[in-house]
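**Q** Residue numbers (our numbering), protein chains in the order written: chain A, 883 to 1004; chain B, 883 to 1004.
Below is the structure I would like to discuss, written out as structure tokens.
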């Protein structure tokens, strides 16, 4: 039987912020869940677009030329190559849709970096 | 500036059921929104996995060997080649995440069929 995923249930199991975990794998893409708290690191993904969907809380996707603010039920796609910094305006629960190849901190090495092949599945 | 998408706002613009409309296009995938009412048609997609995420209402993904029931915030991935029939238990608002190549009724020609290159963007 196919596995149903309850996003809030999965998000509720997360402890540390900025540690995405995989909940589904359609078409060589990952669906990930993550907690956002405080500020992330400026970075870009050279080869992948990245979709952010907020489930709870509020985030900003800061860009070099502006900012997009997202609340529950809102999403944005950051195109490949576009430098961005996710920031939690309020502690947030977020779903990411992106290719399996995405490295969370993109072109930047950082304490938050988790290699794509080291992501936990929950 | 990047375009923010409010899923409920987009879903609120839909009239006819079973007519998916495109709201984002990351990585050669489409994010689509659709209203589900009543029963759809049995079909499969030979080459694509299909992700269903319920925003409001309740749906069943009927399979030849069982059924998966989804409410708000729940998703399932139907793997390529697996025959399925979506059914609205209660009128539902749904997000689909799948490759651009997906034909909504898959291998079946039906009144509901919309070719992949004829999808409306909203």
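Quick reminder that beta carbons are idealized off the backbone N, C-alpha and C, glycines included.
1) Taking all protein chains shown into account, decide if residue 921 (chain B) is buried (16 or more other Cβ within 10 angstroms of its Cβ) or exposed.
2) Within the same chain, show all residues whose beta-carbon is closer than 7 Å to that of residue 986 (chain A), passing over the 5 residues directly before and after it, in chain order.
3) Beta-carbon of residue 887 (chain A) versus every beta-carbon of chain B: anything under 7 Å?
4) Run down chain A in chain order and give the residues with a C-beta less than 7 Å from the C-beta of residue 1005 (chain B).
5) Taking the alpha carbon of residue 932 (chain B) as the reference point, which residue from B:998, B:984, B:999 has its own alpha carbon closest?
6) Counting beta carbon pairs with one atom in the region 962-969 of chain A and one in the region 941-951 of chain A, are three or more of them shorter than 8 Å?
7) When Cβ atoms are compared, which residues of the region 968-994 of chain A fall closer than 8 Å to chain B?
8) Residue 956 (chain B) by DSSP, collapsed to three states: which one?
9) Under 7 Å between the Cβ atoms of residue 918 (chain B) and residue 974 (chain B)?
10) Starting from residue 970 (chain B), follow its DSSP beta bridges and name the residues at the other end.
11) Between residue 884 (chain A) and chain B, is any beta-carbon pair separated by less than 7 Å?
12) What's the C-alpha gap between residue 982 (chain A) and residue 898 (chain B)?
13) Since residue 925 (chain A) sits in a beta bridge, which residues does DSSP pair it with?
14) Could you tell me which chain A residues have their CB closer than 8 Å to the CB of residue 939 (chain B), listed as they occur along the chain?
15) For residue 963 (chain A) and chain B, any beta-carbon pair shorter than 7 Å?
16) Is residue 887 (chain B) near residue 934 (chain B), with beta carbons less than 7 Å apart?
**A** Reading it off the structure:
1) Exposed is the call here.
2) Only 902, 994, 995, 996 meet the Cβ criterion.
3) So, interface residue.
4) Any question about residue 1005 (chain B) goes unanswered here, given that chain B covers just 883 to 1004.
5) Of the candidates B:998, B:984, B:999, the residue whose Cα lies closest to the Cα of residue 932 (chain B) is B:984.
6) Because the criterion of three Cβ pairs below 8 Å is met, the region 941-951 of chain A and the region 962-969 of chain A touch.
7) Hits within the stretch, in order: 979, 980, 981.
8) For residue 956 (chain B), the secondary structure class from DSSP, reduced to helix, strand or coil, is strand.
9) For residue 918 (chain B) and residue 974 (chain B), yes; Cβs fall inside 7 Å.
10) Bridge partners of residue 970 (chain B): B:941.
11) For residue 884 (chain A), the answer is yes, since a Cβ of chain B falls inside 7 Å of its Cβ.
12) The straight-line gap from Cα to Cα measures roughly 34 Å.
13) Partner residues in the beta bridge of residue 925 (chain A), as assigned by DSSP, are A:966.
14) Correct list: empty, because the minimum Cβ distance to chain A is about 14 Å.
15) The beta carbon of residue 963 (chain A) sits no closer than 7 Å to any beta carbon of chain B.
16) 7 Å or more divides the Cβ of residue 887 (chain B) from the Cβ of residue 934 (chain B).
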